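Student: For the sequence shown, our numbering assigns the number 1240 to the initial residue and increments by one for each residue that follows. Below is one structure. I have some questions about it.
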Amino acid sequence: MVKDTQTVIQEFNELVNMSASDLETWLKEEASESAGWNKSDGSGETIGHESGRKIIDILKKNPNKDPDKYEQDDIDHMRKVVAYCKRHLAQEEKAKQDPNSKSARSLKNWGHDPSKE
């Protein structure tokens, strides 16, 4: 069953616990590039790294998190972020235990810093 838009927005704002500036700083670190699946376009960028850039855009466009100001593209990406973070947090305790693990680095690319829980 597909979650309604309000639930997606609420869960996104709960799960994305990094600010746009924190996420920008993280994505510039080499460690952020060594977690996740590479995109199929040959760029060498991972899917999560690209997701992080989209999350930064969403956070900057709507810093007050006004539900009425999200565009459909934002909501579509927010839905992916919620699904990814929830799935990985449920499956991988290692992300919480080891901030340098591939799991933790991947979650940070998706805007969730497990060390902040």
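Ideal placement from N, C-alpha and C gives every residue a C-beta, glycine not left out. Keep in mind the model is a prediction, meaning the values are calculated, not measured.
Rounded to whole angstroms, what's the CA-CA distance from K1267 to A1259? Just pull it up for me.
Tutor: Here the C-alpha atom of K1267 lies approximately 13 Å from the C-alpha atom of A1259.
Student: What residues in its chain sit with their C-beta under 7 Å from that of V1255, if we drop five residues either side in the sequence?
Tutor: Contacts found: I1294, V1320, G1350 and H1351.
Student: Touching or not, the stretch 1294-1308 and the stretch 1246-1255, by the rule of three or more beta carbon pairs under 8 Å?
Tutor: yes
Student: CA-CA distance, I1314 and E1289?
Tutor: 16 Å
Student: Measuring CB to CB, does D1337 end up less than 8 Å from A1343?
Tutor: yes
Student: Taking 8 Å as the threshold (C-beta atoms), are S1345 and A1270 in contact?
Tutor: no
Student: Going by alpha carbons, who is nearest to E1263 out of T1285, E1250 and L1298?
Tutor: L1298
Student: Just to confirm, are N1348 and T1285 a CB contact at a threshold of 8 Å?
Tutor: yes
Student: Name the two residues that bound the continuous alpha helix (DSSP H) containing H1327.
Tutor: Residues Q1311 to Q1330.
Student: Less than 8 Å between C-beta atoms, sequence neighbours within five positions excluded: which residues of the same chain meet that for K1308?
Tutor: K1300 and N1301
Student: For V1241, count neighbouring C-beta atoms within 10 Å of its own C-beta (all shown protein chains included) and say buried if the count is 16 or more, exposed if not.
Tutor: Of the residues assessed, V1241 falls on the exposed side of the cut-off, its CB having fewer than 16 other CB atoms within 10 angstroms.
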